[in-house]
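Report on the following structure.
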Amino acid sequence: FGFIGNPNPTFQLGWNNSLTYKDFTLSFLVDGRFGGQVLSMTKMILDQYGVSKETGDARDRGYVAVNGVDGSGNAVSKVDPQTWYGAIGGRSGISEPYIYSATVVRLREASLGYSFPIKNSFFHSIKASLIGRNLIYFYKKAPFDPELTMSTGNGLSGVDVFNQPATRYMGLSLNLTF
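Using my numbering, count along the sequence shown one by one with no gaps and you end on 380.
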């Protein structure tokens, strides 16, 4: 059990493997962080100003569907989008709709390499590889990468406030053995 809004995972798990066939090598690392909760302040602010996709969809429909009652106890099923998102969005809004699971499973690294057959050369071996990092999310509920947060301190850990997206890296590796 954890506290509400605790971004720390309950556990982490990873699987690293390397497969070789003839002169080809495929290596990959799949890892996951399970548990925890994160808050998207970015989404709260975008909703308050009415510039998110959800607020646009609600304006197109003309309402936000809710299941509630008014002050007199009468059932309420539709609310004006500007009223709804103006009340729940923004820095002083209701944060519950903006809390997401911090569980994330991704293809952290992958590489595909080829070893060139070398005979009677100055080099014993030459291997070229295509390498990638942060390539695919297999599972993610938050609208941002839960590992990228505002701070590592107690104050804003697990909070997204217009953070930059996770960087996807692609590169080449050349390994020469003499």
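C-beta atoms are modelled at their ideal positions from N, C-alpha and C, and glycine is treated no differently. Treat the numbers as computed from the prediction; the structure is a model and nothing was measured.
Buried or exposed (CB count within 10 angstroms, at least 16 for buried), residue i
| i | result |
| --- | --- |
| K343 | exposed |
| Q239 | buried |
| S274 | exposed |
| K245 | buried |
| T285 | exposed |
| F346 | buried |
| L241 | buried |
| L350 | exposed |
| P319 | exposed |
| P367 | exposed |
| A289 | exposed |
| V253 | exposed |
| R235 | buried |
| Q214 | exposed |
| D282 | exposed |
| A267 | exposed |
| Y341 | exposed |
Which of helix, strand or coil DSSP assigns to residue i
| i | result |
| --- | --- |
| K224 | coil |
| F203 | Note on F203: pLDDT 43, under 50, position unreliable in the model; the coordinate value appears next. Coil. |
| T379 | strand |
Identified DSSP bridge partners for residue i
| i | result |
| --- | --- |
| G373 | I333 |
| F236 | F213 |
| N208 | In DSSP, N208 forms no bridge with anything. |
| A304 | None; A304 has no bridge partner. |
| S229 | S220 and S313 |
| A277 | V271 |
Where the alpha helix (DSSP H) through residue i begins and ends
| i | result |
| --- | --- |
| A289 | P283 to I290 |
Boundaries of the beta strand (DSSP E) in which residue i is found, first to last residue
| i | result |
| --- | --- |
| S297 | From DSSP, S297 is part of no beta strand (DSSP E); its letter is neither H nor E. |
Complete runs of the alpha helix (DSSP H) confined to the segment 247–275 [at least 4 residues]: Correct list: 255–263.
Secondary structure, alpha helix (DSSP H): runs of 4+ residues fully inside the segment 315–364: none
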